[in-house]
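According to numbering that gives the first Met the number 0, the residues represented by the sequence shown are 0 to 201, in order.
Beneath this line is the structure, given in structure tokens, with notes to follow.
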Amino acid sequence: MWSVGCISAELLYGKPILPGKTEPEQLNKIFELCGTPDEVSWPGVSKIPWYHKFKPAHQMKKRIREAFSFDRHALDLLEKMLVLNPAQRILAKDALDAEYFCVNPLLCDPKSLPKYESSHEFQTKKSLMALPAPIAACGFYHDRGTYPGGQYPQPARGPPPYLGTSAPNSHRGSSTGYGPPPNYPQGGRSSNPSGGNTNQYG
0 MWSVGCISAE
10 LLYGKPILPG
20 KTEPEQLNKI
30 FELCGTPDEV
40 SWPGVSKIPW
50 YHKFKPAHQM
60 KKRIREAFSF
70 DRHALDLLEK
80 MLVLNPAQRI
90 LAKDALDAEY
100 FCVNPLLCDP
110 KSLPKYESSH
120 EFQTKKSLMA
130 LPAPIAACGF
140 YHDRGTYPGG
150 QYPQPARGPP
160 PYLGTSAPNS
170 HRGSSTGYGP
180 PPNYPQGGRS
190 SNPSGGNTNQ
200 YG
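As structure tokens, this is what we get:
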């Protein structure tokens, strides 16, 4: 129900309500919104490992109603879902009976909701993992992971690498990108008086 509360608030708010980038920052965001748990609100919480290490220096109060301008019914339900003590958090069956679901706008008929093709993050990643390594080397593999040959190489800046069986000439750089151009004679490319072309590319 904690996750349901976070997602519900995010849908109403239009953006994440606890945008922490690290675990300590995430905990601090939770304490700022839901208050600091103590033995009064959550008996036994002080015995949880690392409690004293991450507990804020100053006691924080719950401020869900001050942080959001949702209607009263939404705030009532949200406060019951975002209770830190799991023993006091509202149950799913009780949440479905909340007044929030009985006032306008009323719930729509599930049959009227749009239908989308089934998709799951795991299947998406599995499909991306099946991409050949050269595609990943070109920088097209955004969700970088591993493939049978090991870790995908990081794409180089600039043009993509030459993907043939051998480089077109010895002046190319490494396989991660193009190297410096050929060292032409000063004055540019020269022509053969007999009409031949001395260009190293033939």
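Backbone N, C-alpha and C fix where the C-beta goes; we use that ideal spot for every residue, glycine too.
Could you give the residue range of the alpha helix (DSSP H) that holds residue i?
i: E24; result: E22 to C33
i: S126; result: E120 to M128
i: E9; result: W1 to Y12
i: E65; result: I63 to A66
i: E78; result: R71 to M80
i: D93; result: A91 to A94
Would you call the CB atoms of residue i and residue j closer than 8 Å?
i: N84; j: S117; result: no
i: L11; j: A73; result: yes
i: A8; j: L95; result: no
i: S91; j: M0; result: The sequence as given places Ala at residue 91; Ser does not occur at that position. Yes. Within cutoff.
Taking DSSP as the reference, what is the three-state secondary structure of residue i?
i: W41; result: coil
i: P109; result: helix
i: H51; result: helix
i: G144; result: Residue confidence is low: G144 scores 47 on pLDDT, short of 50, so the model does not pin down where it sits. Its coordinate-derived value is still stated next. Coil.
i: K114; result: coil
i: G194; result: Confidence at G194 is low in this model, with a pLDDT of 49, below 50, so the placement of that residue should be treated as unreliable; the coordinate-derived value is given next. The answer is coil: DSSP assigns G194 none of H, G, I, E or B.
i: K60; result: coil
i: F139; result: With a pLDDT of 46 at F139, under the threshold of 50, the predicted position of this residue should be treated as unreliable, and no value is reported.
Relative to the C-alpha of residue i, which candidate in the options has its C-alpha closest?
i: L26; options: Y50, R71, E38 and G13; result: Y50
i: K28; options: K61, R88, P42 and K52; result: K61
i: P55; options: L105, F121 and D37; result: D37
i: G13; options: D75, F69, K114 and K110; result: F69
i: A97; options: R71, C107 and A129; result: R71
i: P15; options: K52, F67, M59 and P42; result: F67
Does the count of Cβ pairs from the segment 1 to 10 and the segment 40 to 55 closer than 8 Å reach three?
no
Cβ pair count under 8 Å reaching 3, the segment 98 to 108 against the segment 19 to 33:
no
Three or more C-beta pairs closer than 8 Å, one from the segment 68 to 86 and one from the segment 27 to 39: is that the case here?
yes
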